[in-house]
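>
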Amino acid sequence: MNYLWLFAVSGGAALLGIALAFGMIKQDGRRSVAAIAGAFVVAIVALGLGIYVQKAPTAPLRASDREGSQNNLPAAATTEKDLPGK
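Okay, so the sequence shown: first residue is 40 according to our numbering, each after it adds one.
Quick look at the structure:
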């Protein structure tokens, strides 16, 4: 299901970009080519940055257990005694 939403969002953005590029080229061909090339450079850099962030290591996930040992960790869930004014 995630891939369906990814395709819908990215496909819609791509169609919008193509329509805008077509309109820009029809209006002023020479000036719009530089703008479209700049947009492609930005898109390629964003794609590279996205892949870099996706491959970066994340914090390990520790599942909860019967003893509730996850609540003894430094990043445990907030309790009422941790709230201000209590």
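Ideal Cβ positions, reconstructed from N, Cα and C, are used throughout, including at glycine.
(1) From residue 64 to residue 84, what distance separates their C-alpha atoms?
(2) Where does residue 67 fall in DSSP's three states?
(3) Once DSSP output is grouped into helix, strand and coil, what is the label at residue 115?
(4) Could you give the DSSP three-state label for residue 102: helix, strand or coil?
(5) Among 115, 53, 44, 56, whose alpha-carbon lies nearest the alpha-carbon of residue 102?
(6) Give the straight-line distance between the Cα atoms of residue 54 and residue 41, rounded to the nearest whole angstrom.
(7) Between 111, 92, 79, which has its C-alpha nearest residue 56's C-alpha?
According to the structure data:
(1) 23 Å
(2) coil
(3) Here residue 115 sits in coil by DSSP.
(4) coil
(5) Taking residue 102 as reference, the option from 115, 53, 44, 56 with the minimal CA-CA separation is 115.
(6) 20 Å
(7) 79
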